[in-house]
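*Asks:* Heads up: the sequence shown begins at 5 in the numbering used here, then just goes up one per residue.
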Amino acid sequence: MAYDLIIKNGTVVDGSGLPGMRADIGISDGLIATVGDLAGVAAAETLDAEGHVVSPGFIDGHTHMDAQLFWDDIGSNSCWHGVTSVVMGNCGFSLAPCAEADKNLVLHNLERAEDISPEAMNAGIDWSWESFAEYFDTVDALPKGLNYAGFVARSAIRTYAMGKRAMEEEATEDDLAI
């Protein structure tokens, strides 16, 4: 069988907990087709991974890339370290849901986690959503080097339901019904 790509001579660490093993990886149609000794097998492209670890991408379950993904299309801090998927909306902070009138409040909330000024975030973000689903439609349309998932964060929900009152008041029954 010929492969589109063979990654040869690497130390494969597969995440199973077993020690790394020297192996070749055959890839067809963008999927791993086999792992083993592929000496003498044809491929359209071959990468020699001698001296390198070959592993699946890591999932970072706790990031604050909610705004960064708008100006850093490869997710540089993550992808340079082998991360292929990230989860946003942690620590109770996210960019959605967000009513037009509350954008500055949401940005000030997110500033606590991002340590990026609200002015810089607002300049770098194309605000074209209100709901969480619309936010992820916007994220899906961006060029990116990572897979993104996210939590609907508590602070964004409170701000969406209560506006500025969310900073100082308890939610009313009407707020909770939203």
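Glycine included, every Cβ here is placed at the ideal spot set by N, Cα and C.
Entirely within the segment 86 to 119 and at least 3 residues each: give me those beta strand (DSSP E) ranges in chain order.
*Replies:* DSSP runs (the beta strand (DSSP E)) wholly in the segment 86 to 119: 87 to 92.
*Asks:* Given Gly154, which residues of its chain have a CB within under 6 Å of its CB, disregarding the five upstream and five downstream residues?
*Replies:* If we look at Gly154 and ignore the five residues flanking it on each side, its Cβ neighbours are Met92, Gly93.
*Asks:* Measure the CB-CB distance between Ala157 and Phe97 and report whether it falls below 7 Å.
*Replies:* The answer is yes: Cβ separation under 7 Å.
*Asks:* Using 8 Å as the threshold, is the segment 45 to 59 in touch with the segment 12 to 21, meaning 3 or more CB pairs across them?
*Replies:* The segment 45 to 59, when compared against the segment 12 to 21, does touch it at the 8 Å Cβ threshold.
*Asks:* With DSSP as the reference, label Glu49 as helix, strand or coil.
*Replies:* In the structure shown, Glu49 sits in a strand (DSSP, three-state: E or B).
*Asks:* Return the chain-ordered ranges of every alpha helix (DSSP H) run that is complete within the segment 126 to 167 and spans a minimum of 4 residues.
*Replies:* The qualifying runs are 136 to 145, 158 to 166.
*Asks:* Please tell me whether Tyr7 and Gly34 are closer than 7 Å, where the distance is taken between their beta carbons.
*Replies:* Against a cut-off of 7 Å, the Cβ pair of Gly34 and Tyr7 comes out as no contact.
*Asks:* Which term fits Ala181, buried or exposed, when burial requires 16 or more other beta carbons within 10 angstroms of its beta carbon?
*Replies:* Classification for Ala181: exposed.
*Asks:* Grab me the residues of Leu111's own chain with a C-beta within less than 7 Å of its C-beta, minus the 5 sequence neighbours each way, in chain order.
*Replies:* Contacts found: Pro122, Met125, Asn126.
*Asks:* From which residue to which residue does the beta strand (DSSP E) around Ser32 run?
*Replies:* Unbroken beta strand (DSSP E) run through Ser32: 25 to 32.
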